[in-house]
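One structure is given here, and the rest of the page talks about it.
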Amino acid sequence: MRPSLSATIVGASLIANQFASALSPRTEVDDSYDFVIVGGGQAGLVLGARLSEDKNHTVLVLESGGDGDEFRKRIDTPAYSYFDSLWTTPLNWDFYTVAQPNADDREINWPRGKVLGGSSAINGLYMTRPGEDEINAWKDMLDEMDGADKWSWASFYAAMKKSETFTPPTDDVVDEARITWNATHHGTDGPIHATYPDYTFPEVGDWLTSLESIGIDISDNMYGGEAWGADLATSCINPANWTRSYSRSGYLDPLPERDNYDVLANAHVTRLIFEDSTSSDKTASAVEYTTDKGSTKLKVKVNKEVILAGGTIGSPAVLLYSGVGPKDVLSEAGIDLVSELPGVGQHLQDHFSATVKWSTNVDTAGSIFYDGGKDKNNPKFLTYIDSAVAYVNSTAIYGSKVDEYESKFLASIDQYVPNTTYDDGVVAGYKAICNTTASKIFNSPTGQIELLFMNSDGNGDIGITAALQHPFSHGRIYINSSDPMDYPVIDPNYLNNPADYEILLEGIKLARKLGETSPMSKSLTKETTPGSTVQSDEDWVEWLRKEAGTEFHPSSSCAMLPEKQGGVVDAKLRVYGLANVRVADASIIPISLSTHLMSSTYGVAEQASDIIREYHNAVSEPEPAFSSSGSTGSTSSSSSTPASSAVAVKKSGSPKSNGSAAGNGGAALSLVWTSLVLVSVHAIVGYGVFV
């Protein structure tokens, strides 16, 4: 491995008194690595950091997107998630679904992060958690396979907490927003910071009061396994400098000197290359990638394992372009079959959602920003993120009729098997997931609908979103081309099973009811969307088909299930039929969870790291994981231009500032990478934010 470069100090033109280590770009990596991680997004950078703690192993991360440095201020500023969205930049893959026949034939936008840190760099910063009932239901689906205990609530809860450092909110925010918390439910020394914005609105406190008035109690254990009730969610914000805390700023920027770890940005993986062998389990010998949009193919050899961390869209796409997946899909796309695995890309699930909006007689985050309110440039205002949530369970929705609806939804499963699912094993998996959803989750206290308070609308409106959490309609990711530079095809199959619109219908009516309940109703003057003309159930369903969209939480396309149920990975994350390939991201979770997926994805990646290190006995003199758990985040941007669009970086040590940056609330370590993002994708119109 090459020696690392010495740290240098970036000039005073950066944020006052902040220091940075400028790493010169490199355009070459070594010929081989023990571990090659495909995807430098949220999960991939966790894996890279953890696996490289062991000095006896070498690690390479390949990220299709750039480093994001030229957009770093927009990444780092929490409120810019809404007001200076990164959706319109090359940091967004800007995917679209195929036309959805049950959603007015619309092609629905699916933004995903294309940058170091992945979607954790461009999302809405929500740090909620799934429930104990859901995680244990996942474990129970694993049919006592080896390693299933790693996916019990106790084990997964510990993995999620391992990633987190929690800081209580400031006193003035506590008073205005009625925030309560239990510090024992949170982590204390993880790379990702979780706290609350340093700015809020009286309506956030009204949210909780109004929910109590309609029978949704305030939760005191939402972070301890009870995914129901009303709460103020924590956000991924570092209170040392009030910047976004995300996978890069937490798991990459603060790393100490590591000669065994490289990260290559602007490196799009095209396929895995397998050894010629008659063995039933194929061995990946190399990873093929391109740094110039496909013109030149490069290879890096794999000594031990390939770990896919491309997310719910990227990980199945890499398998498919590598010849691993459903035989019919590969044949139609013109890809040679390497290993038949029918479940790849199947079991896709997503949270379908819609928003009721009102005009208002109070200031909102949107009106302050877009109309030039007095707090627009207040640093505290720029920490504000919508974070008021509620998870409404089936009892709150259906009352004494829960058992009746459970029976109805169970009966619908056989009738509405996805029409794109042909393999008997995949069909069995669909039925297993839906039976678990109906019999173990729907009839539990776990939330079926998420409600969210939104006051960052560009029109100055206040909105209440309702989002379906456990869909009975499943879709798939597949390919229709042999060119790995082409986007995969996304078909979430929204509303295929009528159970979904029945549940979402009750959720959206509850959103309207909440807006009409005091004290929230005092600040809402007129319903603007969908408006008073929508009253009957038929009106609502017609509106949902035309207006509902993704909540940005896709999962399950490389599901951890028995192979006979269309599973892709086993409980140790090993891809069936492959000797040395694992998947470790949100795509492996077999059931849609009642939560935003960020904390769960960190949990998957932390758990995966432990599983892999244990398997390879990688315990020889591990390095400290991070130089400082309290000095992550950056508000600076790169000022250098590299010689190539592919940028290899190796972490080097960096001096900490002895000064206190103005307005930071503490010392801040700012690491600047020198690179240029030379990737572009089709930009969307308007602003948006992952929630």
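The UniProt record's numbering puts the first residue of the sequence shown at 1, with every later residue one more than the last. Think of the CB as a built atom: it goes at the ideal place given N, C-alpha and C, for glycine as much as any other residue. Please read these numbers as outputs of a predicted model, since none were measured by experiment.
Whole-number beta carbon distance between residue j and residue i, since they are thought to touch under 8 Å
{"i": "G41", "j": "G117", "result": "6 Å"}
{"i": "P90", "j": "I385", "result": "Between I385 and P90 the Cβ distance is about 24 Å, and since that is not below 8 Å, they are no contact."}
{"i": "L142", "j": "A571", "result": "5 Å"}
{"i": "L348", "j": "S556", "result": "6 Å"}
{"i": "K73", "j": "W93", "result": "Their Cβ separation, rounded to whole angstroms, is 22 Å, which puts K73 and W93 out of contact at 8 Å."}
{"i": "L86", "j": "V61", "result": "So it is not a contact: roughly 21 Å between Cβ atoms."}
{"i": "K282", "j": "G566", "result": "Contact flag wrong, Cβ pair sits at about 19 Å."}
{"i": "residue 778", "j": "T446", "result": "Nothing can be reported for residue 778, as the shown portion of the chain is limited to 1 through 691."}
{"i": "I307", "j": "F552", "result": "Going by Cβ atoms, the distance from I307 to F552 rounds to 24 Å, so no, they are not a contact pair."}
{"i": "I464", "j": "G515", "result": "5 Å"}
{"i": "A548", "j": "A103", "result": "7 Å"}
{"i": "D350", "j": "T550", "result": "6 Å"}
{"i": "A466", "j": "S353", "result": "6 Å"}
Alpha-carbon spacing of residue i relative to residue j, whole angstroms
{"i": "S322", "j": "I588", "result": "18 Å"}
{"i": "D149", "j": "K139", "result": "7 Å"}
{"i": "D585", "j": "D253", "result": "21 Å"}
{"i": "V174", "j": "T195", "result": "12 Å"}
{"i": "A177", "j": "T200", "result": "7 Å"}
{"i": "residue 692", "j": "R50", "result": "Given a span of 1 to 691 for the chain in the structure shown, any question on residue 692 remains unanswerable."}
{"i": "K513", "j": "S213", "result": "11 Å"}
{"i": "L544", "j": "A511", "result": "13 Å"}
{"i": "P379", "j": "F83", "result": "14 Å"}
{"i": "I397", "j": "E538", "result": "18 Å"}
{"i": "D206", "j": "G399", "result": "25 Å"}
{"i": "A317", "j": "K297", "result": "18 Å"}
{"i": "Y246", "j": "V362", "result": "32 Å"}
{"i": "residue 697", "j": "P530", "result": "What is shown of the chain runs 1 to 691, which leaves residue 697 out entirely."}
{"i": "L208", "j": "G215", "result": "11 Å"}
{"i": "Q346", "j": "S277", "result": "27 Å"}
{"i": "N617", "j": "V338", "result": "30 Å"}
{"i": "D172", "j": "V389", "result": "20 Å"}
{"i": "M598", "j": "E404", "result": "34 Å"}
{"i": "A79", "j": "A183", "result": "25 Å"}
{"i": "V489", "j": "L573", "result": "24 Å"}
{"i": "K293", "j": "T88", "result": "20 Å"}
{"i": "L505", "j": "E305", "result": "46 Å"}
{"i": "Y289", "j": "G66", "result": "14 Å"}
{"i": "A579", "j": "L319", "result": "14 Å"}
{"i": "Y478", "j": "V329", "result": "7 Å"}
{"i": "residue 744", "j": "T360", "result": "Within the shown structure, residues of the chain are numbered from 1 to 691, placing residue 744 beyond reach of any answer."}
{"i": "S521", "j": "E450", "result": "20 Å"}
For residue i, the nearest candidate out of the options (CA to CA)
{"i": "K458", "options": "G372, R476 and W540", "result": "Before going further, note that residue 458 is Gly rather than Lys in the sequence given. Out of G372, R476 and W540, G372 has the C-alpha closest to the C-alpha of G458."}
{"i": "P256", "options": "E53, P316 and H186", "result": "E53"}
{"i": "V344", "options": "L86, T601 and R582", "result": "R582"}
{"i": "S523", "options": "A559, I462 and P488", "result": "I462"}
{"i": "T77", "options": "S235, G603 and I508", "result": "S235"}
{"i": "P519", "options": "P418, S120, V204 and D133", "result": "V204"}
{"i": "V402", "options": "F442, K304, I413 and L382", "result": "F442"}
{"i": "E134", "options": "T128, D146 and S152", "result": "S152"}
{"i": "S387", "options": "H596, H616, R112 and D105", "result": "H596"}
{"i": "W181", "options": "E538, N221, A154 and E70", "result": "N221"}
{"i": "V287", "options": "T420, V38 and G187", "result": "V38"}
{"i": "Q415", "options": "I449, A390, N497 and E404", "result": "N497"}
{"i": "S592", "options": "N361, L382 and G131", "result": "G131"}
{"i": "K299", "options": "A605, Y602, D31 and T601", "result": "D31"}
{"i": "E614", "options": "G147, G187 and A43", "result": "G147"}
{"i": "F274", "options": "K293, N260, V324 and P239", "result": "V324"}
{"i": "G603", "options": "R129, Y501 and T167", "result": "R129"}
{"i": "T167", "options": "F95, H186 and G334", "result": "H186"}
{"i": "I218", "options": "I179, R244 and I237", "result": "I179"}
{"i": "H57", "options": "T97, Y96, N260 and V98", "result": "N260"}
{"i": "D69", "options": "S249, M127 and E28", "result": "S249"}
Residue i CB to nearest heavy atom of the ligand NAD below 7 Å
{"i": "F71", "result": "In terms of ligand content, the structure shown is empty, and the ligand NAD therefore cannot be addressed."}
Inter-stretch contact at 8 Å, needing at least 3 Cβ pairs: the stretch 183–194 / the stretch 150–166
yes
Under 8 Å: do the stretch 457–473 and the stretch 297–316 share three or more Cβ pairs, one atom per stretch?
no
Counting pairs of beta carbons, one from the stretch 440–459 and one from the stretch 362–380, are three or more of them closer than 8 Å?
yes
In chain order, each alpha helix (DSSP H) run of at least 4 residues that lies wholly inside the stretch 318–385
327–333 and 365–370
4 or more residues per run - each alpha helix (DSSP H) lying fully within the stretch 131–189:
132–140, 153–162 and 171–177
Give, in chain order, every unbroken run of the beta strand (DSSP E) that is at least 3 residues long and sits entirely within the stretch 518–590.
524–529 and 581–583
Could you pull out every unbroken alpha helix (DSSP H) segment of at least 4 residues lying fully inside the stretch 403–477, listed in chain order?
424–436
Three CB pairs or more closer than 8 Å across the stretch 478–493 and the stretch 422–432:
no
Please give me, in chain order, every unbroken run of the alpha helix (DSSP H) with length at least 4 that falls completely inside the stretch 211–294.
247–251
Considering only residues of the stretch 26–108, which uninterrupted alpha helix (DSSP H) runs meet the minimum length of 4 residues and lie entirely inside it, listed in chain order?
42–51, 72–76 and 80–83
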